[in-house]
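Residue numbering for the sequence shown follows numbering that gives the first Met the number 0, starting at 0 and increasing by one per position. Using N, Cα and C, we set each Cβ at its ideal position, and we do this for glycine too.
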Amino acid sequence: MKKLIVITQEKIIPQEASIITNIIEAGADRVHIRKPLTPLKDIELLLQSLPPQYHKQIVLHDAHTLASHYNVGGLHLNHRHPSPPDWWSGAVSRSCHTLHEIERYKKTCNYLFLSPIHNSISKQGYTSQYTPQELLQAHQRGIIDHNVIALGGITIDNINSVLTYGFGGIAMLGYVWNNHNTKEITHIIKQIKNQLS
């Protein structure tokens with residue numbers, strides 16, 4: 000089964016712990032907490048507000064030190080935090096923006112994000128960097144495989160075409176959070192999970 004990963008908005012939003020709980024219960028495999036400008040204490044409060052049994056499905060961006068106190072499912076690496084803390088022995092993921100980066104980091108990560116596959120919904124002007132032919136060739140060469148997750152501009156309407164490139168799943172941000180209330184988000188997650196199964 001293909002993975003479904005949801006990335007949080009950059010800022011804390013009202014009732015976010017409840018929404019994340021609903022997202023996990025609706026079928027998301029992982030929720031990445033990505034809040035680069037949010038104080039650590041606020042991210043910790045968010046973690047504390049989640050049911051402890053769901054911490055294993057949480058992946059932390061930037062707030063890696065919290066992983067020493069909470070049983071989270073992984074740490075995500077990026078240009079701000081290019082390597083995990085020395086004491087971390089759990090799962091690691093990373094953001095990649097070129098096929099070369101995928102090849103470079105594949106051996107050291109449990110999974111990788113490749114973006115943007117389509118024009119980003121959440122970041123204005125962040126446009127697709129890959130042609131369908133490039134993605135197909137990358138899959139044929141074994142670069143894109145079950146450990147590479149597609150990110151960027153993915154909607155319920157283009158999931159099936161994205162999966163033809165051999166990705167192990169999808170990560171979503173803008174499509175999930177934009178203009179949706181909690182009930183709609185839960186419905187969207189269930190719909191997407193059905194498409195991935």
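The three-state secondary structure of A27, taken from DSSP, is coil. In this chain, the beta strand (DSSP E) harbouring K2 covers K2 to I6. Rounded to whole angstroms, the separation of the alpha carbons of H117 and S127 is 5 Å. In the three-state reduction of the DSSP assignment, V161 falls in the helix class, which pools H, G and I. Cβ neighbours of R79 within its own chain (closer than 7 Å, five residues either side excluded): P35 and D61.
Contact holds between the stretch 18-29 and the stretch 187-195, because three or more Cβ pairs, one in each stretch, are under 8 Å apart. The alpha-carbon of H186 is positioned some 10 Å away from that of N180. Its chain contains Y110 and G167 as the residues whose beta carbon lies nearer than 6 Å to that of N146, once the 5 sequence neighbours on both sides are disregarded; these appear in chain order. Sequence-distant partners of K189 (beyond 5 residues in either direction) whose C-beta falls short of 7 Å from its own C-beta, in its chain, are A25 and G26. DSSP places I57 within a strand segment (E or B) once states are collapsed to three. DSSP places G141 outside both helix and strand once states are collapsed to three, so it counts as coil.
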